[in-house]
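Read the structure below first, then the notes.
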Amino acid sequence: MMGPSHALSGATAWLAGTWALDHFAGYEQSPLAVAVGTLVCAGGALLPDLDLSGKVTRNQGGATVARTFGVFSLFVAEVIEKVSLGIYTATRLSRDPRRTNGHRTFTHTLPFAGLLGWGTTALAGHFGKWAVVGIVFFTAGLALRGLFDKWAERAGWFIVTLCSAVIAWFTAANLPGDRGYPMLGFAVAVGCVVHLFGDIITSAGVPILWPVPTGRRLWRMVGVPNGMAIKVGGKVETVVLRTAMVVISLVAIAGIFAPGLLQRFEDLISTSSTVAMKENI
Ligand SMILES: [Zn+2]
Numbered sequence: 023m024m025g026p027s028h029a030l031s032g033a034t035a036w037l038a039g040t041w042a043l044d045h046f047a048g049y050e051q052s053p054l055a056v057a058v059g060t061l062v063c064a065g066g067a068l069l070p071d072l073d074l075s076g077k078v079t080r081n082q083g084g085a086t087v088a089r090t091f092g093v094f095s096l097f098v099a100e101v102i103e104k105v106s107l108g109i110y111t112a113t114r115l116s117r118d119p120r121r122t123n124g125h126r127t128f129t130h131t132l133p134f135a136g137l138l139g140w141g142t143t144a145l146a147g148h149f150g151k152w153a154v155v156g157i158v159f160f161t162a163g164l165a166l167r168g169l170f171d172k173w174a175e176r177a178g179w180f181i182v183t184l185c186s187a188v189i190a191w192f193t194a195a196n197l198p199g200d201r202g203y204p205m206l207g208f209a210v211a212v213g214c215v216v217h218l219f220g221d222i223i224t225s226a227g228v229p230i231l232w233p234v235p236t237g238r239r240l241w242r243m244v245g246v247p248n249g250m251a252i253k254v255g256g257k258v259e260t261v262v263l264r265t266a267m268v269v270i271s272l273v274a275i276a277g278i279f280a281p282g283l284l285q286r287f288e289d290l291i292s293t294s295s296t297v298a299m300k301e302n303i
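Residue 61 in my numbering sits at position 39 of the sequence shown, with consecutive numbering throughout.
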């Protein structure tokens, strides 16, 4: 998946989950908490591709992250890729192939998602509002570039950075600490996990089972068979998948903030399907 699709999948997952929690468990969140969670999850869904040091100049996953913080993130990506490769080489079993590049290894595992989520929450819990400012600034910057890539390119880095700063400041000033801070780490972790599923349907797969060994392999790449995989950047991804995700997000937003509207939408579907059924008879 390309960066924008990953970001969108994070936002969609968070909105759908928020709606489900509200609808089935009665867990309500303020509009600000929903907005921040969505941005942080969308930004988090770009983080696993910080290991894409080789392709940062191309318009692929890593590029979104790379464009965000220029040379600095290029360097960070290089370091993360090498560290991931180190972890791979140190833990690989006899059947795992030798690798020279760390892309889609450690940052594409569930323990990484958990670690990042835990680290984010620990940071926010320990340093309070200032950590929240930093975390939201960083992830919102990523999310804006991922979700609104065309706008971000036109607006330029200064405007995007300014917007991220305003969002971060507004969040820290208004988000209550009791419920808000653990949510940040959870949103980052959910974003990472959603990223893994995005890669599973579009590629040779990710080592989602790591560190559980299977058949003398620790780094088994799990993905859909080649014939079924969705082509990265192809029409199915950029048109069908993205449209579906936007629709799901909008329905979820309507469900969260205007349940009456969703009810009318459901009625509309059920009446139209009864009409269709009658016509079929
Ligand atoms: Zn990836």
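Note that the Cβ used here is the ideal one computed from N, Cα and C, for glycine as well. Just so it is clear, the structure is predicted and the values come from calculations on it, not from any experiment.
Using a 10 Å radius around the Cβ and a threshold of 16 neighbouring Cβ atoms, would you call residue i buried or exposed?
i, result
"G84", "Summary for G84: the model assigns pLDDT 48, below 50, so the residue's position carries little reliability; its value from the coordinates is reported in the next sentence. With 16 or more other Cβ atoms within 10 Å, it is buried."
"I291", "exposed"
"G282", "exposed"
"H148", "exposed"
"T79", "Annotation note: pLDDT 46 at T79 (below 50); position unreliable, no value reported."
"G66", "buried"
"L115", "exposed"
"E175", "exposed"
"L218", "buried"
"L272", "exposed"
"W294", "Residue 294 is actually Ser in this sequence, not Trp. Exposed is the call here."
Taking the continuous alpha helix (DSSP H) assigned at residue i, which residues delimit it?
i, result
"S116", "Counting along the chain, S116 falls outside any alpha helix (DSSP H), and DSSP gives it neither H nor E."
"H148", "132-149"
"W36", "25-47"
"I189", "171-196"
"L54", "53-66"
"M267", "264-279"
Let me check understanding here. Comparing Cα to Cα, which of the options lies closest to residue i?
i, options, result
"E103", "H130, L206, R114", "H130"
"G59", "G48, A33, Y49", "A33"
"G312", "M24, M23, F46", "Residue coverage of the chain in this structure runs from 23 to 303, which leaves residue 312 outside it and unanswerable."
"W152", "T193, L138, L169, A177", "T193"
"D135", "G168, S295, G220, V215", "Note that residue 135 is Ala in the sequence shown, not Asp. Cα-wise, what sits closest to A135 is V215."
"L107", "F94, L96, N123", "N123"
"I275", "S31, T40, M23", "T40"
"W140", "Q51, F94, G207", "G207"
Regarding residue i and ligand 2, is the C-beta to nearest heavy atom distance less than 7 Å?
i, result
"R126", "Absence of ligand 2 from the depicted structure is noted, with ligand 1 being the only ligands included."
If you measure between the beta carbons of residue i and residue j, is that distance less than 8 Å?
i, j, result
"A64", "A29", "yes"
"T161", "V56", "no"
"W191", "Y110", "no"
"D171", "P70", "no"
"T143", "Y49", "no"
"R126", "V228", "yes"
"V212", "W36", "yes"
"G237", "R117", "yes"
"I270", "A38", "yes"
"M333", "A226", "The chain is shown only over 23 to 303; residue 333 falls outside these bounds and no answer can be derived."
"N196", "L54", "yes"
"I222", "I252", "no"
"V154", "I189", "no"
"V182", "L166", "yes"
"V258", "M24", "no"
"I31", "G220", "Before going further, note that residue 31 is Ser rather than Ile in the sequence given. Cβ distance < 8 Å, so S31 and G220 count as in contact."
- Task: Answer yes if the region 117-135 comes into contact with the region 223-233, meaning at least three C-beta pairs across the two stretches below 8 Å, and no otherwise.
- Result: yes
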